[in-house]
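Numbering (my numbering), first residue to last: 2 to 139. Everything on this sheet refers to the single structure shown next.
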């Protein structure tokens, strides 16, 4: 009922999307947000932040770059580490590439969590409706 279609890199997808805040060390999910696949991850970025968490580091890939958000989160006490992206006219520097690799190394641990969800049948929720899928994932 609530699922939608979207295209990414020329391929069509139907269903839902999971945004999660996970513990880097133990790969435990702290907060989770389920949405339609057509909604961009940036919309749920701040919803999955976990203020009671003592680790104030935020690591994210290039899709979350937003100067305003980074400034606002820094003022709130978060240490924002979002990968940088270049453009056709202005490629990133060697130092930024090294920084991106360090962030990607850490983010890869979290991606393992999503891979294990898929192995356990996470690609097929088995229920209809956003509320039911959310309940099933929690």
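We treat Cβ as the ideally placed atom computed from N, Cα and C, and that holds for glycine.
For this session: Please determine, among 65, 23, 39 and 102, the residue with the shortest C-alpha to C-alpha distance to residue 52.
Result: Numbered from its first residue, the chain shown carries residue 52 at position 51. The candidate whose alpha carbon is nearest that of residue 52 is 23.
For this session: Could you please give the first and the last residue of the uninterrupted beta strand (DSSP E) stretch that includes residue 35?
Result: Stepping through the chain shown from its first residue, residue 35 is reached at position 34. It spans 30 to 37 - the beta strand (DSSP E) in which residue 35 sits, taken as one unbroken run.
For this session: To the nearest angstrom, report how far apart residue 78 and residue 57 are at their CA atoms.
Result: As a working mapping, residue 78 is identified with position 77 in the chain shown. As a working mapping, residue 57 is identified with position 56 in the chain shown. Those two C-alpha atoms are separated by around 7 Å.
Exercise. Beta carbon of residue 43, beta carbon of residue 17: below 7 Å?
Worked result: For the purposes of this step, residue 43 is taken as the residue at position 42 of the chain shown. For the purposes of this step, residue 17 is taken as the residue at position 16 of the chain shown. Not in contact: residue 43 and residue 17 (Cβ atoms no closer than 7 Å).
Exercise. Going by the beta-carbon positions, is the gap between residue 29 and residue 19 smaller than 7 Å?
Worked result: Here residue 29 is taken as the residue at index 28 of the chain shown, counted from 1. Here residue 19 is taken as the residue at index 18 of the chain shown, counted from 1. Taking 7 Å as the Cβ cut-off, residue 29 and residue 19 do not qualify as a contacting pair.
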